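Okay, structure first, notes after.
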Amino acid sequence: YLATYTFTGSGSFRDVAINIKRPTYRKPFLGGFKNRITGMEFHNAGSQTIPQKRPDKGIEIFCRETQTVFEKNKPQQTANTTSTQMTKVGLYVSNRTDKLISPRKYFTAEEYHKRRLKAVMHQVLDCFLLSWVLLLHSCFGTITLRVIIQECWKFWIFCKVSKSAEKPRTVTKYAKENTTQNFTEYILYKKLQIFISVVWRQEETERINRTLTGAKRKAALCELLEQEAQVIACIGRHKLNGDEENRHKAILHFLNKCAQPKRWRAYDGKITEMDTPYILRSRELLEIYCSISRNGIPKDERIDALLTLRRTVAEQECKLTQEIIELIDREFDLISREVKECNLQGLRKRICTLFLQYIKTPEFNPEVTRILKVPPDPLMLYKNINFCHSCENYLPSSQFPIPANSRTIGRCHLCCKLDNEARQRQVFFKYKLILKNLRKSEADYEDDAKIVFFVQYQDLQYMIDNIWGCQSALSACSDLYDLVMVRWDKQQEWSPWNTILLTKDEADAHLKLCSLQKAYEETFIHRIKHKHIQAKTYFAQIPVMASFLHRSDNQVKAN
183 YLATYTFTGS GSFRDVAINI KRPTYRKPFL GGFKNRITGM EFHNAGSQTI
233 PQKRPDKGIE IFCRETQTVF EKNKPQQTAN TTSTQMTKVG LYVSNRTDKL
283 ISPRKYFTAE EYHKRRLKAV MHQVLDCFLL SWVLLLHSCF GTITLRVIIQ
333 ECWKFWIFCK VSKSAEKPRT VTKYAKENTT QNFTEYILYK KLQIFISVVW
383 RQEETERINR TLTGAKRKAA LCELLEQEAQ VIACIGRHKL NGDEENRHKA
433 ILHFLNKCAQ PKRWRAYDGK ITEMDTPYIL RSRELLEIYC SISRNGIPKD
483 ERIDALLTLR RTVAEQECKL TQEIIELIDR EFDLISREVK ECNLQGLRKR
533 ICTLFLQYIK TPEFNPEVTR ILKVPPDPLM LYKNINFCHS CENYLPSSQF
583 PIPANSRTIG RCHLCCKLDN EARQRQVFFK YKLILKNLRK SEADYEDDAK
633 IVFFVQYQDL QYMIDNIWGC QSALSACSDL YDLVMVRWDK QQEWSPWNTI
683 LLTKDEADAH LKLCSLQKAY EETFIHRIKH KHIQAKTYFA QIPVMASFLH
733 RSDNQVKAN
C-alpha cells in the first residue's frame, strides 16, 4: 500500500511505503472514537502499531521463585505507644535505680553461631559426665567426689582435643545406649575400673599403708574391701534395671514383628500391604498384652483389660489357659477387697508372663511360627547341643565361644562373661570394632573370603597384643581407635599370616601400593614375615579348615 505525505518543512512531496498487516483474528477494541455521520471508526495508535520492545539488560526479571513466594507482613511499629518520663522543670525523677550500660565487644554472626555450637557441644558432654558423676556419687558419697570430678575433667579434655572423630562419637554412643553389653563393657568396666578401681583404690591403699600399721591397717583394708563390694553391688543394681528395660523392649519388638502386615512392591513401585487372619490374631494379642502390662491405669480400665484377656484365653481349654483364668479371678477378688497396687505387682507380672507364653504358643498364635527360633520338630533340638561344665546346662553350639585354635568346647558365653566381671574385667569392644571393620572390608573384595569369619575377637586380641605389640607396624601408634587390620598382599585372601596392623591413613596408602618389595625395605619385610610365621604357628588349625571349605566350594562349582 502506498501513501503520499506532504512535508511542510520543504514544501515537497514524498512517497512512503507502508506495510499493513491484516491479522486473521479480530483485534480487540483498545479505545478510539467513531464518526457519527460517516460511521468510520478511528482506533488509538496503540492498537495499530506493535509496541517497541525494551532493551534487554541481561537480568532475569520474571522467575518462578519470585512469583510463587509466600508473602509475609510484619509490622515494625509497636502496638502501644511507649514513652519515658524525663526530668524537667517542675518534675524530678529519681535516678537511684538507673543502670549505666556500656557496649560490649562487637562480634559477627559467624562468631555468634560458632559460640552457640560450642555451647551445645559442651552441654551434651557435660550432661553425660554429670549423669556419670551422680552415679558414682550414689555409690561413694562425698568422700572421693573431688577426685572423680578431676578425672572426669581430664576425660572431657581428652575428648575435646582428640583428633579422631571416632572417639567422642563412640563415647556418646556407648553412654547413650542402654544395652546390657555396652552398659557393662564401656560405662562400668572401662571408666569405673580406671577412675575407681585404679585411682581411688590405689590412693586409699597407699594412704592406709602410709598412716596405719598392725591391726588398724588390716581393719582399714577390710573396710576398703567392703566399700568396693558396695560399689560392685550398686553397679549390679543399675545393670539389673537396664536388663529389665531391655527385656521389655525385646518383648514389644517381638510382638510388633508378629503383627506387621505382609508387604511387597508392585510393578508400579507402590507398596502393597495385606493382613492375613493370623496377623490380625497377633495384632489383637499385642493390644491385649500392652493393655495388661501398662502400669498406673485406673481401676475400671484394668478390669476391662482383664475381662478382655479372660474372654480371649477362654476360647481354648488347656492347663495354661486355666492357670491364667485362675490368676485373673484372684486379681478380681483382690481388687474388690481394695488391696493396694504395690501388693499386686507380683500377681500382675505373673499374668503377663503366662500370657506371653500363651502368645508364643503356635496353637494359639500361628503367626509366631515364622519368628520363633525354636524349630517345630523336637528332634532338631538334639543337634549341635553341647554341655557347659561351668553352669552345667545343655546349650546350642552358638552359645559357646570357639576360638580358632581351640580343641575342646569350654564354657558358654554367659559363664565367660560372668568370670570376666568377677575377675579380670577386661574390655573387648575395641577389638570387636576392629574385627567388624575387617570383615566389612573383606566382604567388599567379593572374592569369597572365609578365614576372616573363623577368627573371633579373642583371636584378634591375641594377635594385636602378643604378635603385633598393640601398635602400628609403621608408626608405632598404640591408639586402638585408629588402628585397622588389612591385607599384607591385597591379591590374596586375608589370614593371620597375610595381614598387617596399621593406622587408617597408613592402611589406605598401603592398599594403593603395587609392589611391596619396592615400597618397603628388606628389614621391614623380614620383620613382617616373622610375625606371619608366629601367627601361622599359633593358628595351625585354620589352614586345614580353610582348605576343607575351599575344596567344598570347588565341588559345588563343579556340580
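For the sequence shown, the numbering used here assigns the number 183 to the initial residue and increments by one for each residue that follows. Glycine is no exception: its CB is placed at the ideal position from the N, C-alpha and C atoms. All values reported here derive from a predicted model rather than from experimental measurement.
- E242: not part of any alpha helix (DSSP H); DSSP gives it neither H nor E.
- Within the same chain, and ignoring the five residues on either side of G214 in sequence, the residues whose Cβ sits closer than 7 Å to its Cβ are E223, F224, H225, N226.
- The residue among I479, A496, I219 with its C-alpha nearest the C-alpha of R530 is I479.
- Put simply, of L462, E628, K711 the residue whose alpha carbon is nearest the alpha carbon of F546 is L462.
- Taking a cut-off of 8 Å for Cβ pairs, the stretch 534–551 and the stretch 458–476 touch, as three or more such pairs fall below it.
- In the DSSP assignment, L488 falls within the unbroken alpha helix (DSSP H) covering 481–495.
- For Y471, the closest of R447, T705, L434 by C-alpha to C-alpha distance is L434.
- By the Cβ test, the stretch 711–728 is not in contact with the stretch 658–666, since fewer than three Cβ pairs between them sit closer than 8 Å.
- In the DSSP assignment, L620 forms no beta bridge with any residue.
- Contact annotation: V668 and I646 have beta-carbon atoms that are not nearer than 8 Å.
- Unbroken beta strand (DSSP E) runs of no fewer than 3 residues, entirely contained in the stretch 393–471, are found at 444–447, 453–456, following chain order.
- D641 has its alpha-carbon roughly 10 Å from the corresponding atom of I584.
- Contact between I507 and L536 does not hold, since the beta-carbon distance rounds to 10 Å and is not under 8 Å.
- The Cβ neighbour count for L299, taken over all protein chains shown within 10 Å, is under 16; the residue is labelled exposed.
- In terms of CA proximity to L620, K686 leads the group S579, M727, T266, K686.
- Beta-carbon to beta-carbon, A402 and I390 are separated by about 4 Å, close enough to satisfy the 8 Å threshold.
- L509 places its beta carbon 8 Å or farther from that of I485.
- In this structure, the straight-line span from the alpha carbon of K431 to that of N423 is close to 13 Å.
- Bounds of any beta strand (DSSP E) do not take in C598; it lies within the alpha helix (DSSP H) bounded by 595–601.
- If you look at F721, you'll find it isn't in any beta strand (DSSP E); DSSP assigns it neither H nor E.
- Residue pairing from DSSP leaves R389 without any beta-bridge partner.
- By the neighbour-count definition (other C-beta atoms within 10 Å, threshold 16), Q384 is an exposed residue.
- Taking the Cα positions, N477 is about 9 Å away from Q527.
- Where T685 is concerned, the enclosing beta strand (DSSP E) starts and stops at 681–685.
- Scanning A487, Q498, C524 for the CA closest to the CA of D511 turns up A487.
- Taking C-alpha positions only, C597 is separated from E574 by approximately 10 Å.
- Annotation for K256: no beta strand (DSSP E) segment contains it, and DSSP assigns it neither H nor E.
- Following the DSSP letters along the chain, one finds I517 inside the alpha helix (DSSP H) bounded by residues 501–518.
- In this structure the stretch 700–719 does not lie against the stretch 623–638, because fewer than three pairs of beta carbons, one per stretch, are closer than 8 Å.
- If you look at L577, you'll find it in the beta strand (DSSP E) that goes 575–578.
- Collapsing the DSSP output to three states places V634 in a helix.
- Around the beta carbon of P678, 16 or more other beta carbons sit within 10 angstroms, so the residue counts as buried.
- Residue environment for A625: exposed (fewer than 16 other C-beta atoms within 10 angstroms of its C-beta).
- Residue range 527–541 is occupied by the alpha helix (DSSP H) that includes L538.
- Within 10 angstroms of the beta-carbon of T503 lie 16 or more other beta-carbons, which makes it buried.
- Residue nearest to N648 within the set K713, K599, E242, C245 is K713 (criterion: CA-CA distance).
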